[in-house]
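In the numbering used here, the protein residues as written are 1 to 231.
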């Protein structure tokens with residue numbers, strides 16, 4: 001399935017979800033405690049997660065770039081300075097568990113396994129000076145959590161989501177709708193790393209059941225393909 005076909009299908013799915021989400025009136029940010037209380041444990045264990053992440057970084061050259069795993073991300077991952085990279089270290093992919101990666105981060109993986117409705121989870125590693133151009137997540141069936149783990153103090157990176165801006169801080173997290181247009185400004189010289197966790201968007205039963213069905217299809221056509229590239 002090519003990118004155009006997949007996005008077209010997900011646009012139709014999104015139009016169904018928008019009967020509940022509010023469409024263009026849907027929120028940008030969400031209250032973590034009200035939406036998914038177990039995310040608080042990731043906040044509480046941020047230092048543990050950060051220590052496992054820091055143990056990985058000496059091997060950063062071995063971590064794949066985003067577009068090496070997913071060609072659909074080439075426009076936003078491969079552009080700009082070819083010496084600068086956006087790297088992804090997957091811990092959970094739509095029901096698939098990359099065991100070799102998880103063995104390197106056992107405590108983080110155990111924490112993620114306690115999050116209900118987990119859809120995806122990965123460390124997002126941006127080289128210093130690597131920004132991400134404007135784009136939108138293709139699917140409204142999930143919400144995205146960011147936990148700051150490595151954030152430069154000089155010229156700290158930030159993200160624009162729709163018309164709102166947020167500057168990352170170590171140990172601080174946000175939950176937002178990734179399907180809004182967003183972009184990352186990372187103009188400092190040091191790397192930026194966040195833990196990204198996607199959770200199913202809470203919705204009434206008919207929408208929730210449809211969401212689970214779509215997720216099962218995406219696991220087959222996307223998640224398993226990514227896992228093959230990691231093994």
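Using N, Cα and C, we set each Cβ at its ideal position, and we do this for glycine too.
Item	Value
Pull up the CB-CB distance for residue 150 and residue 192, whole angstroms please, since I reckon it's below 8 angstroms.	6 angstroms
Can you tell me where the beta strand (DSSP E) with residue 228 in it begins and where it stops?	From DSSP, residue 228 is part of no beta strand (DSSP E) but of the alpha helix (DSSP H) over 224-230.
Express the C-alpha separation of residue 201 and residue 97 in angstroms, rounding to a whole number.	21 angstroms
Return the Cβ separation of residue 139 and residue 197 in integer angstroms, given the expectation that the two are a contact with Cβ distance under 8 angstroms.	No, residue 139 and residue 197 are not in contact; Cβ-Cβ is about 15 angstroms, not under 8 angstroms.
Quick check on residue 234: buried or exposed, where buried means 16 or more other Cβ atoms within 10 Å of its Cβ?	It is not possible to answer for residue 234, since the shown part of the chain is limited to 1 through 231.
Should residue 89 be labelled buried (16 or more other beta-carbon atoms within 10 Å of its own) or exposed?	buried
Give me the Cβ distance between residue 121 and residue 183, rounded to the nearest whole Å; I'm assuming they're in contact under 8 angstroms.	Between residue 183 and residue 121 the Cβ distance is about 22 angstroms, and since that is not below 8 angstroms, they are no contact.
Using DSSP with H/G/I as helix, E/B as strand and the rest coil, what is residue 198?	strand
Along the chain, where does the alpha helix (DSSP H) containing residue 57 start, and where does it finish?	Looking at the DSSP string, residue 57 is not in any alpha helix (DSSP H), and its letter there is neither H nor E.
Within 7 angstroms of any Cβ in chain B, is that where the Cβ of residue 23 sits?	Any reference to chain B falls outside this structure, which holds one protein chain only.
Tell me the DSSP secondary structure of residue 97 in three-state form.	coil
In its own chain, which residues sit with a C-beta less than 8 angstroms from the C-beta of residue 224, not counting the 5 before and 5 after it?	96
Residues in the same chain with beta-carbon distance under 8 angstroms from residue 236, minus the five sequence neighbours each way, listed in chain order, please.	The shown model of the chain, from 1 to 231, leaves out residue 236, and the question about it has no answer.
Taking C-alpha atoms, which residue in 84, 160, 143, 99 lies nearest to residue 115?	143
Run through DSSP, which three-state label would residue 173 get?	strand
Specify the secondary structure class of residue 41 as computed by DSSP and reduced to three states.	helix
With DSSP collapsed to three states, give me the class of residue 117.	coil
Would you kindly work out how many angstroms separate the C-alpha atoms of residue 179 and residue 136, rounded to a whole number?	5 angstroms
Check whether the segment 101-113 touches the segment 44-62, taking contact to mean three or more Cβ pairs, one atom from each stretch, closer than 8 angstroms.	yes
For the alpha helix (DSSP H) holding residue 259, just list the boundary residues, first then last.	No statement about residue 259 is possible, as the shown extent of the chain runs from 1 to 231 and does not include it.
What separation, rounded to the nearest whole angstrom, lies between the Cα atoms of residue 18 and residue 73?	25 angstroms
Nearest by alpha-carbon distance to residue 171: which of 162, 194, 159 is it?	194
Give every residue of the same chain whose Cβ lies closer than 7 angstroms to the Cβ of residue 169, excluding the five residues on either side of it in the sequence, and list them in chain order.	148, 151
In the structure shown, what three-state DSSP assignment does residue 85 receive?	coil
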